Amino acid sequence: MGTSCSEHAEWLVPSGVFIVTLRSGAFVNAYAAGWVVRVSEVPVMLQVAVWEQNYSFELARECDAFAAHILGQGQQDMARHFGRNSGRTMDKLAHYSTHAGASGLPILDDCLAFLECEVVFRRSFGDHLILVGHAIDSHVNRSGEPLIYRHADYE
Ligand SMILES: Cc1cc2nc3c(=O)[nH]c(=O)nc-3n(C[C@H](O)[C@H](O)[C@H](O)COP(=O)(O)O)c2cc1C
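Given below as structure tokens:
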């Protein structure tokens, strides 16, 4: 038994690191996400899971679209900004360059790629709200490798 073993097997489930933007009415927010998965190839569909304690949860209950931005290697600071602050107390998007996506959502310019999705399914499981959306737009901004989630980067 090695001393470096994590007590939390779930922290070792591999994932990328994403910034998810969403909107409900006039309220827009963005949070760092690790729980983003593909659920269909044709059409392309993605699932995100939003923790019930997050401000984003309040928007996710009502939103009709979300955008998942895939971060590249070296973008841990950006993930920490969106993952350690809450939209309840600050506009996390204020100092980031964005443009309006097909659904009107803010799309972050500094990411490897993004997929903008229209919500087609919403359901709570445990303490997370699952949104499944089909991609209405997507773009690869640059070449490079995606940032892989490591729990130690965000402790
Ligand atoms: C790398 C990383 C991955 C995360 N993954 C998720 C996730 O998949 N779902 C989630 O609800 N929160 C996730 N979080 C936590 C939220 O990003 C964090 O609680 C954030 O402050 C919520 O912001 P909000 O209150 O503005 O919604 C993650 C945080 C980090 C740093």
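What the sequence shown shows, in my numbering, is residues 3 to 157, in sequence order. Note that CB positions come from ideal geometry on N, CA and C, so glycine has one too. None of these values were measured; they are calculated from a predicted model.
- [ ] Would you mind working out which of Ala35, Ile132 and Gln49 sits nearest Ile41, comparing C-alpha positions?
- [x] Going by the sequence as given, residue 41 is Val instead of Ile. When each option's Cα is compared against that of Val41, the closest is Gln49.
TODO: Using three-state DSSP, classify His97 as helix, strand or coil.
DONE: Three-state result, His97: coil.
Task: CB contact flag (Cys119, Gly106, <8 Å) - done: Not closer than 8 Å, so no.
Task: Cβ-based burial, Ile21 [other Cβ within 10 Å; buried from 16] - done: Here Ile21 is buried, its C-beta having at least 16 other C-beta atoms within 10 Å.
Open item on the list: Following a CB-centred definition, is Arg90 positioned closer than 7 Å to any heavy atom of ligand 1?
Closed with: Yes.
Open item on the list: Cutting at 6 Å between CB atoms, please list the residues of its own chain near Ala137, excluding the five before and the five after it.
Closed with: These residues qualify, in order along the chain: Val46, Leu117 and Cys119.
- [ ] Measure the CB-CB distance between Ala62 and Val52 and report whether it falls below 8 Å.
- [x] Yes, they are a contact pair.
- [ ] Would you mind stating whether Ile72 and Ala115 have Cβ atoms separated by less than 8 Å?
- [x] Going by C-beta atoms, Ile72 is nearer than 8 Å to Ala115.
TODO: Determine the direct distance from the alpha carbon of Leu14 to that of His153, and round the result to whole angstroms.
DONE: Approximately 8 Å, taken between the alpha carbons.
Task: Nonlocal neighbours in the same chain, by C-beta distance under 8 Å from Gly18, ignoring five residues either side - done: These residues qualify, in order along the chain: Gly36, Val38, Ile72, Leu73, Pro148, Leu149, Ile150 and Tyr151.
Open item on the list: Cutting at 8 Å between CB atoms, please list the residues of its own chain near Cys65, excluding the five before and the five after it.
Closed with: Cβ within range, chain order: Leu24, Arg25, Ser26, Val121 and Leu133.
Open item on the list: Assuming Met47 is part of the beta strand (DSSP E), what are its boundary residues?
Closed with: Where Met47 is concerned, the enclosing beta strand (DSSP E) starts and stops at Met47 to Trp53.
Open item on the list: One question on the structure: do Ser88 and Tyr57 come within less than 8 Å of each other, judged by their Cβ atoms?
Closed with: Yes, the Cβ-Cβ distance between Ser88 and Tyr57 is below 8 Å.
Open item on the list: Is the separation between the beta-carbon of Tyr156 and that of Ala81 shorter than 8 Å?
Closed with: Yes, they are a contact pair.
Task: Three-state secondary structure assigned by DSSP to Leu14 - done: For Leu14, the secondary structure class from DSSP, reduced to helix, strand or coil, is helix.
Open item on the list: Determine whether the beta carbon atoms of Phe29 and Leu131 lie at a separation below 8 Å.
Closed with: No Cβ-Cβ contact shorter than 8 Å links Phe29 with Leu131.
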